[in-house]
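Sequential numbering of the sequence shown, starting at 10, is according to the working numbering.
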Amino acid sequence: MLGVSLDQYGFLVQGAFWTVVLSLMGFVGGTIVGLPVALARISRGWFLCRAASLYVQFVQGIPLPVIMFVVYFGVSIYGFDVNALVAAAIAMTLYSSAYLGEIWKGCIQAVPKTQWEAGECLALTNLQRFIYIILPQALRIAVPPTVGFLVQIVKNTSYSVVIGFFDLTYSAKILNNATFKPFVIFTAAALIYFAICFPLSGYARRFELRLHRRNA
């Protein structure tokens, strides 16, 4: 089709599979690291809050391709040999944790302070108030922006091409060099990215509308 064989399109699909794998690894890692970052950002402890703030500012101030370069080549200085998938996953974890931490911090702070006061009236401890009252409300608020950021994670995995990771962008680059049909190859890659991201975007919008109706 259009001068590209089915096997070559299948090669793009293989790249898309590893794009999804890297996206999931980055999101799960970002969740594991990002939640403590969010909690530290709202803590009353000056040191924890300041350290988390510096971490977020540091990571957000560095372009993602540079983070991937530093992880991929920097770790080898200390005698560790990491493959492109591990390096890309670590870089995506650092990147996503900084942004998810800020997203979840805002969602927790969006819960009205009266909810904390209501928990105090019930003689609950700070931890009990957070787990049973604040966290369930913050989770509802957090779902739309979190899913929306997951779309950004999927698209930003394309930066892993700078360290030679085999993802959708890398497979498209290889096919373009073999077929010299950049318009066909990269259009197909764009459609695959759209097929991955569009359902996530649609779910985020539907959930946000449902949340607004419920609040209304």
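All C-beta atoms, glycine included, are put in the ideal place defined by N, C-alpha and C.
- With fewer than three CB-CB distances shorter than 8 Å, the region 64-79 does not count as touching the region 147-155.
- Unbroken alpha helix (DSSP H) stretches of 4 residues or longer found wholly inside the region 67-141: 73-86, 93-119, 122-130, 135-138, given in chain order.
- For C116 and I140, the gap between their C-alpha atoms comes out near 14 Å.
- By the Cβ test, the region 79-91 is not in contact with the region 49-68, since fewer than three Cβ pairs between them sit closer than 8 Å.
- A contact is defined here as three or more CB-CB pairs under 8 Å, and the region 169-177 meets this definition with respect to the region 23-41.
- DSSP places D16 within a helical segment (H, G or I) once states are collapsed to three.
- When DSSP states are grouped into helix, strand and coil, F175 belongs to the coil group.
- Classified as buried, F20 has 16 or more neighbouring CB atoms from the shown chains inside 10 Å of its CB.
- Per DSSP, V170 is not a residue of any alpha helix (DSSP H), being assigned neither H nor E.
- Distance from T166 to S32 at the Cβ level is roughly 6 Å; contact confirmed, criterion being Cβ atoms closer than 8 Å.
- In the structure shown, R53 adopts coil according to DSSP, grouped into three states.
- Using a Cβ-Cβ distance cut-off of 8 Å, the region 199-209 and the region 56-69 are not in contact, since fewer than three pairs of beta carbons, one from each stretch, lie closer than that value.
- Comparing alpha carbon positions, the residue from C130, A198, S62, I99 closest to E111 is S62.
- For K164, the enclosing alpha helix (DSSP H) starts and ends at 144-165.
- DSSP places K182 in the helix class (H, G or I) of the three-state scheme.
- Going by C-alpha positions, F78 is about 17 Å away from I162.
- Rounded to the nearest whole angstrom, the C-alpha separation of S14 and V37 is 35 Å.
- A residue is called buried once 16 or more other Cβ atoms fall within 10 Å of its Cβ, and S85, having fewer, is exposed.
- DSSP, reduced to helix, strand and coil, places F189 outside both helices and strands of the structure shown, so it counts as coil.
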